[in-house]
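> FYI, the working numbering numbers position 48 of the sequence shown as 811, with every residue one higher than the one before it. Don't be surprised by glycine CBs; every beta carbon is placed ideally from N, CA and C. Note that this is a predicted model, so its numbers are computed, not measured.
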Amino acid sequence: MEIECRQNGGGNQKPGVFMRGSGEFGDKQNFQKLNPRLNAVVGDLNPTAVDEARKADRELETGKATGTLHGVPVTVKCNVDVEGQPTSNGLPAFADLIAREDSPLVSLLKKAGAIIIGRTNTPELSMRMNTDNPLFGRTLNPWDEQASPGGSSGGASSAAAAGFGPIHHGNDIGGSLRYPAHNCGLATVKPTFGRVPAWLPSSPAERGMLSQLMSVQGAICREVEDVRLATRVMSGSDPRDPFWMPVPFDDWPDEPQPIRVGVTTENYGHPMHPQVLALVEKAADYLSDAGYAVERLTTPSVDEAADCWFRYLGYELKTYLMPYAQKHGSETIQKIFEWYFQMGTVSDAEAYRDGIKDRTAMTRQWNILLDQTPLILSPFFLQPTPDWDCDERSFEGFRSHFTQPSTAQASIGSVYLPEWCRSE
764 MEIECRQNGG GNQKPGVFMR GSGEFGDKQN FQKLNPRLNA VVGDLNPTAV DEARKADREL
824 ETGKATGTLH GVPVTVKCNV DVEGQPTSNG LPAFADLIAR EDSPLVSLLK KAGAIIIGRT
884 NTPELSMRMN TDNPLFGRTL NPWDEQASPG GSSGGASSAA AAGFGPIHHG NDIGGSLRYP
944 AHNCGLATVK PTFGRVPAWL PSSPAERGML SQLMSVQGAI CREVEDVRLA TRVMSGSDPR
1004 DPFWMPVPFD DWPDEPQPIR VGVTTENYGH PMHPQVLALV EKAADYLSDA GYAVERLTTP
1064 SVDEAADCWF RYLGYELKTY LMPYAQKHGS ETIQKIFEWY FQMGTVSDAE AYRDGIKDRT
1124 AMTRQWNILL DQTPLILSPF FLQPTPDWDC DERSFEGFRS HFTQPSTAQA SIGSVYLPEW
1184 CRSE
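1. Please confirm whether residue 1155 and residue 1095 have their CB atoms less than 9 Å apart.
2. If I measure Cβ to Cβ from residue 1043 and keep anything under 8 Å in the same chain, skipping five residues before and after, which residues do I get?
3. Let's test the definition: count the other Cβ atoms within 10 Å of the Cβ of residue 953 and tell me whether it reaches 16, buried, or not, exposed.
4. Please report the residue range of the beta strand (DSSP E) in which residue 980 lies.
5. Once you ignore the five residues that flank residue 1018 on each side, which residues in its own chain have a CB closer than 7 Å to its CB?
6. In the structure shown, what three-state DSSP assignment does residue 932 receive?
7. As a quick exercise: from 956, 898, 1030, 1112, pick the residue whose alpha carbon is nearest that of residue 855.
8. Near residue 850, what residues of its chain come up, given a Cβ to Cβ distance below 6 Å and the 5 sequence neighbours on each side ignored?
9. I think residue 830 touches residue 881, with their Cβ atoms under 8 Å apart; what is that distance to the nearest whole Å?
10. For residue 1148, does the count of other Cβ atoms within 10 angstroms reach 16, so buried, or fall short, so exposed?
11. Need the endpoints of the alpha helix (DSSP H) that residue 820 sits in, please.
12. For the region 989-1063, list the alpha helix (DSSP H) runs that are entirely contained and at least 4 residues long, ordered along the chain.
13. Assuming contact is defined by CB atoms lying nearer than 9 Å, are residue 936 and residue 1076 in contact in what I supplied?
14. Would the beta-carbon of residue 894 fall within 9 Å of that of residue 918?
15. If you follow the alpha helix (DSSP H) that residue 1114 is part of, which residue opens it and which one closes it?
16. Give the secondary structure of residue 1070 by DSSP, where H, G and I count as helix, E and B as strand, and everything else as coil.
17. Looking at the secondary structure, which residues open and close the beta strand (DSSP E) in which residue 836 lies?
18. Please report how far the alpha carbon of residue 1193 lies from the alpha carbon of residue 816, in whole angstroms.
19. For residue 770, count neighbouring Cβ atoms within 10 angstroms of its own Cβ and tell me buried if that reaches 16, exposed if not.
20. Please report how far the alpha carbon of residue 1118 lies from the alpha carbon of residue 956, in whole angstroms.
21. Can the beta-carbon of residue 967 be found closer than 9 Å to that of residue 1003?
22. From which residue to which residue does the alpha helix (DSSP H) around residue 925 run?
23. Pair every Cβ in the region 1113-1133 with every Cβ in the region 996-1011, then say whether three or more of these pairs are closer than 8 Å.
24. Using three-state DSSP, classify residue 884 as helix, strand or coil.
25. Go ahead and pull the three-state DSSP assignment for residue 856.
26. Mind checking residue 1234: buried by the 16 CB within 10 Å criterion, or exposed?
27. Would you call residue 800 buried or exposed, if buried means 16 or more other Cβ atoms sit within 10 Å of its Cβ?
28. Does the Cβ of residue 915 have 16 or more other Cβ atoms within 10 Å, making it buried, or fewer, making it exposed?
29. From the DSSP output, read off the bridge partner residues of residue 1150.
30. Could you check the C-alpha separation between residue 886 and residue 947 for me, to the nearest Å?
31. Should residue 838 be labelled buried (16 or more other beta-carbon atoms within 10 Å of its own) or exposed?
32. Under a three-way DSSP split, which group does residue 896 fall into?
33. Considering Cα atoms alone, identify which of 1065, 992, 871 is closest to residue 929.
34. Relative to the C-alpha of residue 1134, which candidate in 1022, 1101, 972 has its C-alpha closest?
35. Can you have a look at residue 912 and say buried or exposed, based on whether 16 or more other CB atoms are within 10 angstroms of its CB?
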């Protein structure tokens, strides 16, 4: 089998050239032509954004521009709150759930001068590897309509790959930033827990403990520097998130030089496509040429982390989210939830408490490793971008993608670099 691999770049996109008072953002004709087909942006806020852009232009002309992202268009996934806009999370029943205030990251983006031009699509309850729902329909991958754009931030990845502006918000509990970036050849980072403040004002209840500890907010972009810029802005303080940590963003760590990079291509018995392996080796060569100390190593078990993810986070899914899927979701999402629970023995309340202890032990193992080797280079996904319906055709297809070992289940902070691969 051959795969097509492309490096995806943003073409010198810079702040200040995307949104103008005329109402153009990025390539307006490009957006108008492509978005109706791609279905990436499902809540078009362009009319409001035009007024904001005109105001930004006036401030720029008079020297009153403030904020790192002054006039820069961004999109926000439709599972966080934007004041006055619906937070549907892909469910028809929530189509009219209007947010009374902004989520923390939205407040920070606005404070930095960003202009929200639209809301990006997500699967029902943001719990699929593909982006499709009965409210807005299916989002396409700009590279290949039969390929999955990923999930759950598939609207963000599709918009980024199509060039609808530089910064596209997403979030991640088990790969929902990194998997879409993988599928569309983009850059992203899953920030460390506590880095970006998070809260959903429209939610009727707080999330479960593991969901709070593992879910983070971030951005998908065409350029690594834009991911860094967006993450810096979103890392500001917000008292509504008690777990937020006031950690400096730009200070370089006090690490011995050269910085050590551990390379692992352990597949735990799962097949790895040879060109995926080749891309990891190419990245290792780049790092070595740049002066990093690159070495091979063995990480703590990713399979064990995956089992923990399904066993203990599955308890929270069954307790907190499954009732919403049963009451408001489609047959497809209900089937997928049942498949989640077949991936392992879902714990009861007592075992769930033990699971939190198990997670602490695994976190300690990774911390010890990262103390000696602060950067780990590994494939995120062992196979090329799959078909768009890979997660719903059969349980075996669902299982084959979720059991591929990766740092997704380890739930550690990670960066995904742009490279797109598709089976031919």
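Reading from the atomic positions:
1. The sequence position of residue 1155 within the sequence shown is 392, counting from 1. The sequence position of residue 1095 within the sequence shown is 332, counting from 1. Contact flag set, yes.
2. In the sequence shown, the residue the question calls residue 1043 occupies position 280. These residues qualify, in order along the chain: 1026, 1028, 1140, 1141, 1142.
3. Within the sequence shown, the letter at position 190 stands for residue 953. Flag for residue 953 reads buried.
4. If you number the sequence shown from 1, residue 980 lands on position 217. Element bounds for residue 980: 979-984.
5. Position 255 of the sequence shown, counting from 1, holds the residue named residue 1018. 1137, listed in sequence order.
6. Taking the first residue of the sequence shown as 1, we reach residue 932 at position 169. The answer is strand: DSSP assigns residue 932 an E or B state.
7. Numbered from its first residue, the sequence shown carries residue 855 at position 92. Between residue 855 and the set 956, 898, 1030, 1112, the nearest pair of CA atoms involves 898.
8. The residue labelled residue 850 in the question sits at position 87 within the sequence shown. Here the set comprises 844, 860, 862, 965.
9. By 1-based counting over the sequence shown, the position of residue 830 is 67. By 1-based counting over the sequence shown, the position of residue 881 is 118. So it is not a contact: roughly 20 Å between Cβ atoms.
10. Mapped onto the sequence shown, residue 1148 falls at position 385. It is buried - the Cβ of residue 1148 has at least 16 other Cβ atoms within 10 Å.
11. Position 57 of the sequence shown, counted from the first residue, corresponds to residue 820. Element bounds for residue 820: 809-824.
12. 1037-1052
13. Translated into the one-based positions of the sequence shown, residue 936 becomes position 173. Translated into the one-based positions of the sequence shown, residue 1076 becomes position 313. For residue 936 and residue 1076, yes; Cβs fall inside 9 Å.
14. As a working note, residue 894 is residue 131 in the sequence shown. As a working note, residue 918 is residue 155 in the sequence shown. A contact, by the Cβ cut-off of 9 Å.
15. On the sequence shown, position 351 is the one that residue 1114 refers to. Where residue 1114 is concerned, the enclosing alpha helix (DSSP H) stretches over 1112-1135.
16. Locating residue 1070 in the sequence shown gives position 307, where the first residue counts as 1. It is helical.
17. On the sequence shown, position 73 is the one that residue 836 refers to. Run containing residue 836: 836-840, per the beta strand (DSSP E) assignment.
18. Residue numbering for the chain in the displayed model covers 764 to 1187; residue 1193 lies beyond these limits and cannot be assessed.
19. Sequence index remark: in the sequence shown, residue 770 carries index 7 (1-based). The predicted position of residue 770 is uncertain, since its pLDDT is 42 and thus under 50; no value can be drawn from it.
20. Position 355 of the sequence shown holds residue 1118. Position 193 of the sequence shown holds residue 956. As the crow flies, the alpha-carbon of residue 1118 is around 18 Å from that of residue 956.
21. For the purposes of this step, residue 967 is identified with residue 204 of the sequence shown, where counting begins at 1. For the purposes of this step, residue 1003 is identified with residue 240 of the sequence shown, where counting begins at 1. The criterion of a C-beta distance shorter than 9 Å is not satisfied by residue 967 and residue 1003.
22. The residue given as residue 925 occupies position 162 in the sequence shown. Where residue 925 is concerned, the enclosing alpha helix (DSSP H) stretches over 917-925.
23. Result no; under three Cβ-Cβ pairs closer than 8 Å.
24. Numbered from its first residue, the sequence shown carries residue 884 at position 121. Correct three-state label for residue 884: coil.
25. Counting from 1 along the sequence shown, the entry for residue 856 is found at position 93. Reduced to three states, the DSSP call for residue 856 is helix.
26. No answer is possible for residue 1234: the residues shown for the chain start at 764 and end at 1187.
27. By one-based count along the sequence shown, residue 800 stands at place 37. Residue 800 comes out exposed.
28. By one-based count along the sequence shown, residue 915 stands at place 152. Buried is the call here.
29. Translated into the one-based positions of the sequence shown, residue 1150 becomes position 387. Beta-bridge pairing links residue 1150 to 910.
30. Here residue 886 refers to the residue found at position 123 when the sequence shown is read from its first residue. Here residue 947 refers to the residue found at position 184 when the sequence shown is read from its first residue. Taking the straight line from one Cα to the other gives about 17 Å.
31. In the sequence shown, the residue the question calls residue 838 occupies position 75. Buried: at least 16 other Cβ atoms inside 10 Å.
32. Numbered from its first residue, the sequence shown carries residue 896 at position 133. Taken through DSSP and simplified to helix, strand or coil, residue 896 comes out as coil.
33. Here residue 929 corresponds to residue number 166 of the sequence shown, with the count starting at 1. Residue 929 has its Cα closest to that of 992, out of 1065, 992, 871.
34. Position 371 of the sequence shown, counted from the first residue, corresponds to residue 1134. When only C-alpha atoms are compared, the closest one is 1022.
35. Numbered from 1 along the sequence shown, position 149 holds the residue referred to as residue 912. With 16 or more other CB atoms across the displayed protein chains lying within 10 angstroms of its CB, residue 912 is buried.
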